[in-house]
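Residue numbers (this note's numbering): 449 to 1373.
A short worksheet on the structure shown next.
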């Protein structure tokens, strides 16, 4: 009952903020009285509050009410009191949520998106569990914010809240599910990072957003791309079947011929089954491939590991490069004295992999320096690298062996020991040619103290004792003297050496062998005692010896296979490529293993998204076009009022860019200008089968170069006639129409200075005099060097100069090429991998017919059509005007209105731009 009364009083206070001081005092007194009774008898008598003051708990309630007030003065007064309480040493931690809620809440609702995001970032950085509910409310509110920047910040706050209170996981998953549906590229990377942190096992959240993430991937910021690619790699391994299956052939377009007989079908069933890649699997590979050209090395590595783990074997070559490309930068991998040991080892591995017949002498000289390093581990790794080079490159095997033999005289025991071990492995490859080395090692035996090295020398002498018949018995004699003081591994090799010499030279070594076997019989180590007992029964026949002693020679002296010197980084593919576990070759904390491919692919319909196409898709483009024209006109008017040359330049640039961007949308409605032109007989440098021909197609779309308001009466418009420029074949021809819109004649119209300085252009002949309201058309040529970089120059009259700019569309930098279908396929086969760019689109309703499709493509780009016998496949060919690089375009119609556009050319930047323009031309209505 008392609690209900208190709640009612709080409600009354909130409804009537303007209570009198007497009423507020009575309310506080009543509340204090209720609190004392709730605490029990005696409370308040021990520490009675001063006169006219409430107890501390009631004071906190009062401060909370003041903080929740709508008046800034009450909030300020409450903050002053709280600071005073803290200064007096009072515990004010109960007021912390109220302070955060009522002070930070103002900034979270600020009209400025940067302040809202900063407030949320500060709030999420407060690592105090008591404000978790407030933080959760702020994250949910920010997840629906109009600003994508604030939504991105809310995705970052999800990770901080989860680390503070993991019990909020289910509520945070709801927010993540909402943010995953966000179409903004700014949010995608952050929300996937939150997904990986909070609920990486909830693959069901990705199903509906998979295709959207694949399509947004190119436009997401770089580090977001790394996170998304890593997540999609794990997703793909659970949703698609393996493209590496044995007994299947890879065929993406497996369509049986119409007239196949039943017998042929039965025969095909017994042969290898074709592998049909899931379209979503192909979508991921296709959309990540352009990121191999990213400026961020982490993105390139992420795409490489995705292709390594997901792509078919024949497509992995897109991410692998020949080692030869690193040879010009080999000096960058030379070891420096300041490098830590693990970096030195990695550089050593790289140099070993780069070694070939041409550069091995340089690398070996570098290795000779590394052997003298004070870092013992690095020196030993260098000797191992020398051994690998000797194994891989047979021409330097002798040189490496001789160098390793010289190292046997080194003062450092570690270097000597490693040299002996490597020499032992190398000698097994060519034992007949290196008996001198074995003799030399036997002479140095007394100076070597490392157990492994001594054991290796004894093994070599015993293995090839027949080639050193005079030295081996003497070595055994010395070993018999020091047998008791040797290490266990050396003792085992002494016993082996004695057994082998007993079988090959028993006349000289019989007594020595018996002596050594007797010493081993009473050795403290049970392994040596067991080995001695076994050898005695094997080589010394007696009555108890079985049939095994007959084969002693074949057992002990059997030829041993040569060891294979391998890299320490071999067999690390059990870890995901590029991860910390892959680098360390052990499972690091937090490592997520890639799941195995499923035997049967899960239902792919879970990734289908129901959507309704918006009606009037082209309206935004038209509105944008009209806005461009509006602003272009307004800028022109400003130029007319101010007479500023700089404003004139900006107006021309804006009008040029607007006309360039809208040319594709207007090309459909304008009539085609099919003007006949001369054959390009001067392009004789190309093969006859790839003859560059003149096939003028498409409308003559003109663009404004200079407005008459900015040009003081002189206006200029230009268009690309799509004809070869007769004066210089590497230049793009332009025709400029000059008009005098003033009432005074204009004299001396010509071209002035141009930029950039590397730009090459052919000027038109100066126009001496242009009468009022008259027009004249002139021709000029510009070598854009296969680039869409704008050409800036001065259009001058006798009295003034005007800055103008021409930025060509990528389709105007081409000339059509005449190819047969066979030539097209042959040239296309040479331009695969990094030289191929493709995309899948949904064509507009009126573009599905072959005639309209050809019209759209050739109006967008100056290409020639290649005649094919397929109605669903359309091919186009052309060459760049400047360099003559071949450009091949294939449009393959799929089901319904879907189509795949493929561009093959070694001009990767031009390919991506051309693909973008073709997608806009075919997809827009």
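Cβ coordinates follow ideal geometry from the N, Cα and C atoms, glycine included.
Quick one: Cα of residue i to Cα of residue j, how far?
i            : j            : result
residue 1370 : residue 1291 : 5 Å
residue 1197 : residue 1300 : 42 Å
residue 1356 : residue 1347 : 21 Å
residue 654  : residue 1256 : 41 Å
residue 1191 : residue 1372 : 43 Å
residue 1120 : residue 735  : Interpretation of residue 1120 is limited by its pLDDT of 33, a score under 50 that renders its predicted location unreliable; no figure is taken from the coordinates.
residue 961  : residue 867  : 29 Å
residue 1239 : residue 740  : 30 Å
residue 535  : residue 640  : 45 Å
residue 1308 : residue 1361 : 12 Å
residue 702  : residue 1274 : In this prediction, residue 702 has a pLDDT of 46, which is less than 50 and means its spatial position is unreliable; nothing more can be read from the coordinates.
residue 635  : residue 597  : 7 Å
residue 1213 : residue 1226 : 8 Å
residue 672  : residue 742  : 13 Å
residue 1374 : residue 1262 : For the chain, the structure presents residues 449 to 1373; residue 1374 sits outside this window and is missing.
residue 855  : residue 887  : 15 Å
residue 1297 : residue 1313 : 15 Å
residue 1363 : residue 773  : 29 Å
residue 807  : residue 799  : 10 Å
residue 1022 : residue 544  : 50 Å
residue 1358 : residue 547  : 57 Å
residue 563  : residue 555  : 6 Å
residue 1242 : residue 1311 : 31 Å
residue 1222 : residue 1215 : 12 Å
residue 1189 : residue 1211 : 23 Å
residue 865  : residue 832  : 11 Å
residue 895  : residue 747  : 54 Å
Where does residue i sit, in a helix, a strand or coil, going by DSSP?
i            : result
residue 1172 : strand
residue 1313 : strand
residue 448  : Since the first residue of the chain shown is 449 and the last is 1373, residue 448 is not available in this structure.
residue 672  : helix
residue 775  : helix
residue 1318 : coil
residue 618  : helix
residue 894  : helix
residue 518  : coil
residue 658  : helix
residue 832  : helix
residue 1167 : strand
residue 1212 : coil
residue 1093 : A caution first: residue 1093 carries a pLDDT of 38, below 50, which makes its placement in the model unreliable, though a value can still be read off. If DSSP states are grouped into helix, strand and coil, residue 1093 belongs with the helices.
residue 496  : Legend: pLDDT at residue 496 = 46, less than 50; position of this residue unreliable, value from coordinates given subsequently. The answer is coil: DSSP assigns residue 496 none of H, G, I, E or B.
residue 394  : There is no way to answer for residue 394, as the model of the chain reaches only from 449 to 1373.
residue 866  : helix
residue 1239 : strand
residue 643  : helix
residue 452  : For residue 452, the predicted structure reports a pLDDT of 41, less than 50, and the residue's modelled location is therefore unreliable. The matter cannot be settled from this model.
For residue i, tell me which candidate among the options has the shortest Cα-Cα distance.
i            : options                : result
residue 688  : 1236, 523, 759         : 759
residue 1271 : 1247, 1326, 1305, 1240 : 1326
residue 1220 : 1039, 545, 1186        : 1186
residue 676  : 807, 692, 645          : 645
residue 789  : 768, 822, 934          : 822
residue 1328 : 1322, 1207, 1352, 652  : 1352
residue 999  : 1009, 1008, 988        : 988
residue 557  : 529, 965, 1282, 589    : 589
residue 1305 : 1322, 1289, 1315, 1293 : 1322
residue 1006 : 840, 952, 604          : 952
8 Å is my cut-off, CB to CB: does residue i come that close to chain C?
i           : result
residue 750 : Here chain C cannot be found, since the structure has a single protein chain.
Under the assumption that residue i contacts residue j (Cβ atoms under 8 Å), give the Cβ distance between them as a whole number of angstroms.
i           : j           : result
residue 918 : residue 931 : With 8 Å as the limit, residue 918 and residue 931 do not qualify as a contact, their Cβ atoms being about 22 Å apart.
residue 728 : residue 658 : 6 Å
residue 651 : residue 624 : About 13 Å separates the two Cβ atoms, so there is no contact after all.
residue 837 : residue 796 : Going by Cβ atoms, the distance from residue 837 to residue 796 rounds to 11 Å, so no, they are not a contact pair.
residue 869 : residue 834 : That pair is no contact at about 12 Å.
Inset, instruction - With a floor of 4 residues, list each alpha helix (DSSP H) that falls wholly inside the stretch 909 to 985, ordered by position along the chain. - result: Within the stretch 909 to 985, the runs of alpha helix (DSSP H) at least 4 residues long that lie entirely inside it are, in chain order, 919 to 929, 936 to 952, 954 to 969.
Legend entry - Ranges of the alpha helix (DSSP H) found wholly within the stretch 528 to 589, counting only runs of at least 4: Taken in chain order, the complete alpha helix (DSSP H) segments of 4 residues or longer contained in the stretch 528 to 589 are 544 to 547, 553 to 556, 561 to 572.
Inset, instruction - Please specify which runs of the beta strand (DSSP E), each continuous and at least 3 residues long, are wholly inside the stretch 1262 to 1340, giving them in chain order. - result: Taken in chain order, the unbroken stretches of beta strand (DSSP E) that lie wholly in the stretch 1262 to 1340 and span 3 residues or more are 1262 to 1264, 1284 to 1290, 1312 to 1314, 1321 to 1328.
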